[in-house]
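Chemist:
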Amino acid sequence: MFNNQHYATKGVSENIPPLLQILMWELIQKMPVDKDYLQVFSLSESGGKQRIVHSQEVPEYKKEYELNLGSAINGKIFVIDDVTHSTMIMNYEY
155 MFNNQHYATK GVSENIPPLL QILMWELIQK MPVDKDYLQV FSLSESGGKQ RIVHSQEVPE
215 YKKEYELNLG SAINGKIFVI DDVTHSTMIM NYEY
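According to my numbering, the sequence shown is numbered sequentially starting from 155.
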């Protein structure tokens, strides 16, 4: 899963810096468990840092990260794999 063409919606392209998009794709690739078709990233500010909570339902997985990226982004992003391609989408676009 997630070894196919990657796409980002207009909402992601307009609101999420490219570096953060690349990081989320990498976090999916490096997961130590089997991947669910739906990956969830919750983004928030924590003490002046970017907080990222990466999760999936089956098998259950949750990992938290804090990074110094300058300014923090708030929002929720879904990454969906449908076998032929993977799409990064803002939750409000779903």
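For every residue, glycine included, the Cβ atom is placed at its ideal position computed from N, Cα and C.
(1) With a threshold of 6 Å on Cβ separation, who are the neighbours of D235 within its own chain once the five nearest residues in sequence on each side are excluded?
(2) In this structure, does DSSP put G229 in helix, strand or coil?
(3) Taking buried to mean at least 16 other C-beta atoms within 10 Å of its own C-beta, is L174 buried or exposed?
(4) Going by C-alpha to C-alpha distance, which of I231, V237, S240, H239 sits closest to E247?
(5) What residue range does the beta strand (DSSP E) around V237 cover?
(6) Determine the DSSP secondary structure at I206, reduced to helix, strand or coil.
Modeler: Let's see:
(1) The answer, listed in chain order, is M155, F156, Y191.
(2) The answer is strand: DSSP assigns G229 an E or B state.
(3) It is buried - the Cβ of L174 has at least 16 other Cβ atoms within 10 Å.
(4) The shortest C-alpha separation from E247 is found at I231.
(5) Looking at the DSSP string, V237 is not in any beta strand (DSSP E), and its letter there is neither H nor E.
(6) Strand, per DSSP.
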